[in-house]
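Accompanying notes for the structure given below.
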Amino acid sequence: MATHDHNEHRPEPAARPQPHAAGPCAMVIFGAAGDLANRKLLPALYNLAAARLLPDGFAVIGFANDELDTDAFREEMRRAVNAHLPPNFDPALLDWVLARLEYVVGDFLDPAAYDRLGQALAAAQSKHGTAGNALFYLATPPRFFGDITTNLGRAGLVSEAGGQWRRVVYEKPFGRDLESARALNAVLRGALGEDQIYRIDHYLGKETVQNIMVFRFGNGIFEPIWNRRYVNHVQITVAEELGVEHRAGYYEKAGALRDMVPNHLFQLLALTAMEPPISFEADAVRDEKAKILRAIQPMSPEEVLTRTVRGQYGEGALADGTKVTAYRAEPGVAPDSATETYVAMKLLVDNWRWAGVPFYLRTGKRMKQHVTEIAIQFHRAPFMLFRETPVERLSPNILVLRIQPNEEIFLRFGAKVPGPELSIGSVDMEFSYQDYFGGAPTTGYETLLYDCMRGDATLFQRADHVEIAWAVVAPILDVWSALPPRTFPNYAAGSAGPAEAGLLLQRDGRAWREI
Ligand code: BG6
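Counting along the sequence shown from 1, when you hit position 170 you're at 169 in numbering that gives the first Met the number 0, and nothing is skipped either side.
Structure below.
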């Protein structure tokens, strides 16, 4: 197998860093041979190299228990990354990234392995010029987070004493309830300062999610109407067409609530509802997010029964007609599983801006269509003017921030249908990211990795966010575990979710947007 000297294939000058490139550093990937590394992290590094945002002094150290050496690891990554990059990728640039890959075999729980990791970091510093800076990325099952952090601390690998920086990135899930999240935060704080901790929520890597702040605060016309005087309610939908795939081991214990709500859905809610921060500085933004999460009214056990709905998919068919099995028939799932694959809830945000405006959240697997969106529904215009006309009702204006599958924003309003008789039709004013900006394919991890290398924690969750979010869902977890579901499965795969979810809004005289 050929070894790649890092100078040999360097494309000149394409990979030369541009002025905003990150400073020199090494990135250590724990769980380097895993799915996340090959599907997302390495392709993201390639994309950053293509954008010339990686420093010249850069190295990646893969750390895992698989018996590989550096050459075999590079080859494995080449194969994997090849499969995940667009067909027109530049092979020389991929070589540039792969030549910076090193591999250390080690058990996450073995302190001696961390000495070898320390030596590899020192070697990368002299070979690749990483200046002693390091970013440790924990792409591992969460049960290892605590031990890896403690071992990094014991081995002195997260010390910033020499003026270099050391940061640790944690993938979700961060704990499985308030207590475990608190315990994990305490372990982390034993080895790291909060400014060294980067808790990832990959939704914040999505362009349209980042655009929520620009849309709200970079335009003069939306913020004045962004409150209870004009907004009737908000619907946040994260519907997936996919089922549980091969993740039953994790998902059976997590369920839709833990998997999606305190993280992705609450991040969307926070960005939609928070007050304008005083700057884009990380803690200014994160303080506002913490405030809004804290303003979510906790539910009493009775409210859990009336304001939340859980569901599990039965067998059904996808939009293209493909027949799919029930959740309980998926590999690794218990035949009498009580795990929810769908959740809907009504939340109230108790502050001046949002008093009385419900936020309806729903997320589910095996739904009719893949769609992630935030819909702001405004109050209807008064009807009296139309009393004597054929118009029977006025539709509300709706502003939709569509995040997936197409990144777009549209505003729905009423327009006169041409003709002598007065009739109003709902029409959309649309903006599509793709049309305006084209679409360079990204993994969603580019911005997050780049920000972490530059020490910008704005898009990462702080300890208090994670704990507040778990505190909000705690009563739901408690009531649901005390009262096992009796009607599962209660929605067909490929449908819009359980009928009870419809009632949740009907009771308020509202309806979900069609998926
Ligand atoms: C992950 C969840 O965090 O997000 C998955 O664990 C879910 O269950 C995924 O499928 C959804 O992410 P995206 O980016 O595909 O919307």
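Ideal Cβ positions, reconstructed from N, Cα and C, are used throughout, including at glycine.
- Query: So LYS367 packs on LEU503, CB below 8 Å; how close in whole Å?
  - Reply: For the purposes of this step, residue 367 is identified with residue 368 of the sequence shown, where counting begins at 1. For the purposes of this step, residue 503 is identified with residue 504 of the sequence shown, where counting begins at 1. That belief does not hold up - the Cβ atoms of LYS367 and LEU503 are roughly 18 Å apart, past 8 Å.
- Reference ALA325; option with closest CA among GLY315, GLY331 and ALA333: For this step, residue 325 is matched to residue 326 along the sequence shown. Relative to ALA325, the option among GLY315, GLY331 and ALA333 whose CA is nearest is GLY315.
- Task: Taking GLU429 and PHE409 to be in contact with their CB atoms under 8 Å, please state how far apart those CB atoms are, rounded to whole angstroms.
- Result: Stepping through the sequence shown from its first residue, residue 429 is reached at position 430. Stepping through the sequence shown from its first residue, residue 409 is reached at position 410. For GLU429 against PHE409, the beta-carbon gap comes to about 4 Å, under 8 Å, which counts as contact.
- Pull up the CB-CB distance for ILE373 and LEU400, whole angstroms please, since I reckon it's below 8 Å. Residue 373 sits at position 374 when you count from the first residue of the sequence shown. Residue 400 sits at position 401 when you count from the first residue of the sequence shown. Under the criterion of beta carbons closer than 8 Å, ILE373 and LEU400 qualify as touching, at roughly 4 Å.
- 8 Å CB neighbourhood of ALA154 in its chain, flanking five on each side removed: Translated into the one-based positions of the sequence shown, residue 154 becomes position 155. Here the set comprises PRO110, TYR113, ASP114, LEU116 and GLY117.
- Determine the contact status of PHE62 and GLY105, defining contact as a CB-CB distance below 7 Å. Residue 62 sits at position 63 when you count from the first residue of the sequence shown. Residue 105 sits at position 106 when you count from the first residue of the sequence shown. The beta carbons of PHE62 and GLY105 sit closer together than 7 Å.
- List the DSSP bridge partners of ARG198. Start at 1 with the first residue of the sequence shown, and residue 198 comes out as number 199. Looking at the DSSP assignment, ARG198 forms a beta bridge with TYR169 and GLN460.
- Identity of the residue in THR371, LEU268, LEU92 and GLU391 nearest LEU347 by Cα: Mapped onto the sequence shown, residue 347 falls at position 348. That would be LEU268, whose Cα lies nearest to the Cα of LEU347.
- Query: Between the Cα of GLY454 and the Cα atoms of GLN195, VAL103 and ILE277, which residue gives the shortest distance?
  - Reply: The residue labelled residue 454 in the question sits at position 455 within the sequence shown. Comparing alpha carbon positions, the residue from GLN195, VAL103 and ILE277 closest to GLY454 is GLN195.
- Message: For THR236 and ARG361, which I take to be in contact (beta-carbon distance under 8 Å), what is that distance rounded to the nearest angstrom?
- Response: Along the sequence shown, one-based indexing puts residue 236 at 237. Along the sequence shown, one-based indexing puts residue 361 at 362. Cβ atoms of THR236 and ARG361 come within 8 Å of each other, at about 6 Å.
- Is it buried or exposed for PHE436, if we count other Cβ within 10 angstroms and need 16 for buried? Position 437 of the sequence shown, counting from 1, holds the residue named residue 436. The residue in question, PHE436, is exposed, as its Cβ has fewer than 16 Cβ neighbours within 10 Å.
- Comparing the CB of ASP258 with every heavy atom of the ligand BG6, is any distance shorter than 6 Å? Taking the sequence shown and counting its residues from 1, one reaches residue 258 at position 259. The ligand BG6 approaches ASP258 closely enough that one of its heavy atoms is under 6 Å from the residue's Cβ.
- Query: For the 8 Å Cβ check, are there 3 or more pairs between the segment 488 to 508 and the segment 307 to 323?
  - Reply: Flag = yes, the segment 488 to 508 and the segment 307 to 323 touch.
- Residues near SER394 in its chain [Cβ-Cβ closer than 8 Å; skip 5 each side]: On the sequence shown, residue 394 is found 395 positions in, with the first residue counted as 1. So the qualifying residues of the chain are ARG379, ARG411, GLY413, ILE423 and SER425.
- Rounded straight-line distance, which links the Cα of ARG227 to that of THR457: Position 458 of the sequence shown, counted from the start, is the residue given in the question as residue 457. Position 228 of the sequence shown, counted from the start, is the residue given in the question as residue 227. Note on geometry: alpha-carbon atoms of THR457 and ARG227 lie some 27 Å from one another.
- Item | Where MET298 sits in the DSSP three-state scheme | Numbered from 1 along the sequence shown, position 299 holds the residue referred to as residue 298. Annotated three-state conformation of MET298 is coil, per DSSP.
- Message: For MET383 and PRO389, I'd like the C-alpha separation in whole angstroms.
- Response: For the purposes of this step, residue 383 is taken as the residue at position 384 of the sequence shown. For the purposes of this step, residue 389 is taken as the residue at position 390 of the sequence shown. If I take the Cα positions, the gap works out to 13 Å.
- Going by beta carbon distance, what residues of the same chain come within less than 7 Å of PRO535, once the five residues before and after it are set aside? Since the displayed the chain opens at 0 and closes at 514, residue 535 lies outside it and no answer follows.
- How many whole angstroms separate the CB atoms of PRO357 and ASP507, which I take to be in contact at a CB cut-off of 8 Å? As a first step, residue 357 is located in the sequence shown; it is residue number 358 there, counting from the start. As a first step, residue 507 is located in the sequence shown; it is residue number 508 there, counting from the start. Confirmed, Cβ separation roughly 7 Å.
- Message: Within 10 Å of its beta-carbon, does GLN505 have 16 or more other beta-carbons around it, so buried, or fewer, so exposed?
- Response: Here residue 505 is taken as the residue at index 506 of the sequence shown, counted from 1. Around the CB of GLN505, fewer than 16 other CB atoms lie within 10 Å, so the residue is classed as exposed.
- Got a sec? Which residues, its chain only, sit under 7 Å from TYR229 by beta carbon, not counting five neighbours each side? The residue given as residue 229 occupies position 230 in the sequence shown. Leaving aside the five residues that flank TYR229 on each side, the residues in its chain whose CB is nearer than 7 Å to its CB run, in chain order, PHE377 and HIS378.
- Query: From ASP434 to ALA190, what distance separates their C-alpha atoms?
  - Reply: Taking the first residue of the sequence shown as 1, we reach residue 434 at position 435. Taking the first residue of the sequence shown as 1, we reach residue 190 at position 191. Approximately 47 Å, taken between the alpha carbons.
- Of the choices ARG73, PRO483, LEU40 and PRO54, whose alpha-carbon is the least far from that of HIS84? Indexing the sequence shown from 1 puts residue 84 at position 85. Correcting the residue type first, residue 84 is Leu in the shown sequence and not His. Shortest Cα-Cα distance from LEU84 to any of ARG73, PRO483, LEU40 and PRO54 involves LEU40.
- What first and last residue would you give for the alpha helix (DSSP H) that runs through LEU448? As a position in the sequence shown, residue 448 is number 449, starting the count at 1. The continuous alpha helix (DSSP H) containing LEU448 extends over residues 445 to 453.
- Task: Could I get the ranges of all uninterrupted beta strand (DSSP E) runs contained in the segment 57 to 105, with 3 residues as the minimum, in chain order?
- Result: Entirely contained in the segment 57 to 105, the beta strand (DSSP E) runs reaching 3 residues are, in chain order, 57 to 63 and 100 to 104.
- Message: Can you look up GLU7 in the DSSP assignment and give me helix, strand or coil?
- Response: Stepping through the sequence shown from its first residue, residue 7 is reached at position 8. Note that GLU7 scores a pLDDT of 43, beneath 50, so its modelled location is shaky and nothing firm can be said.
- Message: Less than 6 Å between C-beta atoms, sequence neighbours within five positions excluded: which residues of the same chain meet that for ASN64?
- Response: Numbered from its first residue, the sequence shown carries residue 64 at position 65. Close CB contacts of ASN64 within its chain, under the 6 Å cut and outside five residues either way in sequence, are with ASP106 (chain order).
- Task: State whether the segment 162 to 181 contacts the segment 52 to 62, with contact taken as three or more CB pairs (one from each stretch) at a distance under 8 Å.
- Result: With the cut-off at 8 Å, the segment 162 to 181 and the segment 52 to 62 do not touch.
- Thinking GLU406 and TYR432 are a contact (beta carbons under 8 Å), I'd like their distance in whole angstroms, please. If you number the sequence shown from 1, residue 406 lands on position 407. If you number the sequence shown from 1, residue 432 lands on position 433. GLU406 to TYR432, Cβ: 4 Å. Contact.
- Item | Status (buried if at least 16 other CB within 10 Å, exposed otherwise) for THR486 | Here residue 486 corresponds to residue number 487 of the sequence shown, with the count starting at 1. Exposed, since its Cβ has fewer than 16 Cβ neighbours within 10 Å.
- Query: Could you give the uninterrupted runs of the alpha helix (DSSP H) lying entirely in the segment 360 to 413, keeping only those of 4 residues or more?
  - Reply: Complete alpha helix (DSSP H) runs here, min 4: none at all.
- DSSP state of ILE514, grouped into three classes? Here the question's residue 514 lines up with position 515 in the sequence shown. When secondary structure is reduced to three states using DSSP, ILE514 falls in the coil class, being assigned neither helix nor strand.
- Secondary structure at ALA238, three-state DSSP: helix, strand or coil? On the sequence shown, residue 238 is found 239 positions in, with the first residue counted as 1. Correct three-state label for ALA238: strand.
- Task: Specify, as a first and last residue, the run of the alpha helix (DSSP H) that ALA121 falls within.
- Result: One-based indexing of the sequence shown puts residue 121 at position 122. 110 to 127 is the span of the alpha helix (DSSP H), which, as asked, contains ALA121.
- Query: Buried or exposed: where does TRP95 fall if 16 or more other Cβ atoms within 10 Å of its Cβ makes it buried?
  - Reply: To locate residue 95, count along the sequence shown from 1; it is residue 96. Around the beta-carbon of TRP95, 16 or more other beta-carbon atoms lie within 10 Å, marking it buried.
- From this set, ILE199, GLU101 and ALA294, which residue's C-alpha is nearest ALA138's C-alpha? Within the sequence shown, residue 138 is the residue found at index 139, counting from 1. Nearest to ALA138 by C-alpha distance, out of ILE199, GLU101 and ALA294, is ILE199.
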